[in-house]
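In the UniProt record's numbering, the protein residues as written are 25 to 320. Working notes, structure below.
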Ligand code: FAD
């Protein structure tokens, strides 16, 4: 079944996100995490696409290896940043040659962080909807897109983000994954607004926080502040790494419970290439005893 079909099916379609490792040690940690999480039989796993040439090559390599050496269904992220249309077609060709059929079509951020000014490549694409169209024109790809429950920092308001998702659906996207969510209500608001317009399953991103400085930096780079009550709970234990991880798991579990109760089609875990916290949340949510399930 395709990713959108899995998201439309009964139950919760769990998925895991990884990033391309920087060195051999990072690569080993990533593969440990992939092997542990593979046992959970996720609907798909995704690998983010970096801003520079070498990390982009690594994204392609890791995604190809997941397709080749595991039982998992890979979702390859792809961004328009710094790439001509020709360069984008080349990467799409590499994915296709590796049998990768699912792509998350993204615009990407200006070099630096989300606070800079977006300038498209002179021979490139300006927005994700154009990349969706390109992918659909190049082959039989299932294309997903990004969604922003807390409103994309460049958008004026939620209405604009809803219009953007409608445009991306009309361009051929058949599912969406959100930025990490720390307030279930913002996710539900966006989901319901889009559901009234298009049949586009939107799966919420969930990140079990394990490191206060890391999440503060990520939220700064994304241009989306964390809700004060989340910051307070993490700050209260900030000096104790074990307690931070426990609170992070607790927060992600509460959010996951609410999302499931409200009928979210899936949960997309941002794993930071580690399995422990994600497995704890997965178990807390009763998403299956999958640890015992044999891997083919
Ligand atoms: P777009 O859909 O193009 O939207 C960007 C802005 O332009 C929004 O304000 C939107 O409202 C507006 N807009 C969109 N289309 C149009 C149009 N046709 N005309 C006018 N305005 C328009 N970044 C990476 O670099 N690598 C990754 O792997 C990566 N993975 C991600 C995964 C997820 C699930 C999410 C949520 C984000 C990810 N990002 C990644 C970050 C993402 O690239 C940035 O948030 C980026 O700023 C927006 O990307 P987008 O695809 O939503 O862009």
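Note that CB positions come from ideal geometry on N, CA and C, so glycine has one too. These numbers were taken from a predicted model, which means no experiment stands behind them.
Going straight from the alpha carbon of residue 308 to that of residue 110, what length do you get? Their backbone Cα atoms lie some 46 Å apart in a straight line.
What whole-angstrom Cβ distance do residue 190 and residue 221 have, given they're in contact under 8 Å? Contact flag correct, Cβ pair sits at about 5 Å.
Kindly give me the distance between the Cβ atoms of residue 16 and residue 128, rounded to whole angstroms, as I take these residues to be in contact under 8 Å. Given that the chain is displayed from residue 25 to residue 320, the structure contains no residue 16 and the question cannot be resolved.
Is there contact between the region 47-64 and the region 162-180, where contact requires at least three CB pairs shorter than 8 Å? Under the three-pair Cβ rule at 8 Å, the region 47-64 does not count as touching the region 162-180.
Run the CB neighbour count on residue 143, radius 10 Å, all protein chains shown included, and call it buried at 16 or more, exposed below. Residue 143 counts as exposed, since fewer than 16 other beta carbons sit within 10 angstroms of its beta carbon.
According to the Cβ coordinates, are residue 226 and residue 233 closer than 8 Å? Taking 8 Å as the Cβ cut-off, residue 226 and residue 233 do not qualify as a contacting pair.
Decide yes or no for the touch test of the region 165-176 against the region 190-199: beta carbon pairs closer than 8 Å, at least 3 of them. By the Cβ rule, the region 165-176 counts as touching the region 190-199, because three or more pairs are nearer than 8 Å.
Is residue 179 close to the ligand FAD? I mean its beta-carbon at under 7 Å from any heavy atom of the ligand. For residue 179, the Cβ falls inside the 7 Å cut-off from some heavy atom of the ligand FAD.
Identify every residue that forms a DSSP beta bridge with residue 294. BP columns for residue 294 point to 41.
Distance between beta carbons of residue 204 and residue 230, contact taken as under 8 Å: Between the beta-carbon of residue 230 and that of residue 204 there is about 7 Å, and that keeps the pair under the 8 Å contact cut.
Proximity below 8 Å, CB of residue 126 to CB of residue 152: No.
State the DSSP-derived secondary structure class of residue 252, mapped to helix, strand or coil. Note: residue 252 maps to helix in three-state DSSP.
Where residue 88 falls, given that 16 or more other Cβ within 10 Å makes a residue buried: Under the 10 Å beta carbon count, residue 88 is surrounded by 16 or more other beta carbons and is classified as buried.
For residue 96, does the three-state DSSP call read helix, strand or coil? Residue 96: coil per DSSP, three-state reduction.
Rounded to a whole number of angstroms, what is the C-alpha to C-alpha distance between residue 98 and residue 71? A direct Cα-to-Cα measurement between residue 98 and residue 71 gives close to 8 Å.
Buried or exposed: where does residue 49 fall if 16 or more other Cβ atoms within 10 Å of its Cβ makes it buried? Taking a 10 Å sphere around the C-beta of residue 49, we find fewer than 16 other C-beta atoms and assign the residue as exposed.
Compute the distance between the beta-carbons of residue 105 and residue 132, then report whether it is under 8 Å. In this structure, residue 105 sits near residue 132, with a CB-CB distance shorter than 8 Å.
Can you list, in chain order, the residues of its chain whose CB lies under 6 Å from that of residue 281, leaving out five sequence neighbours each side? Non-local beta-carbon contacts of residue 281 in its own chain, meaning distances under 6 Å to residues more than five positions away in sequence, are absent.
For residue 279, the three-state DSSP class (helix, strand or coil): It is helical.
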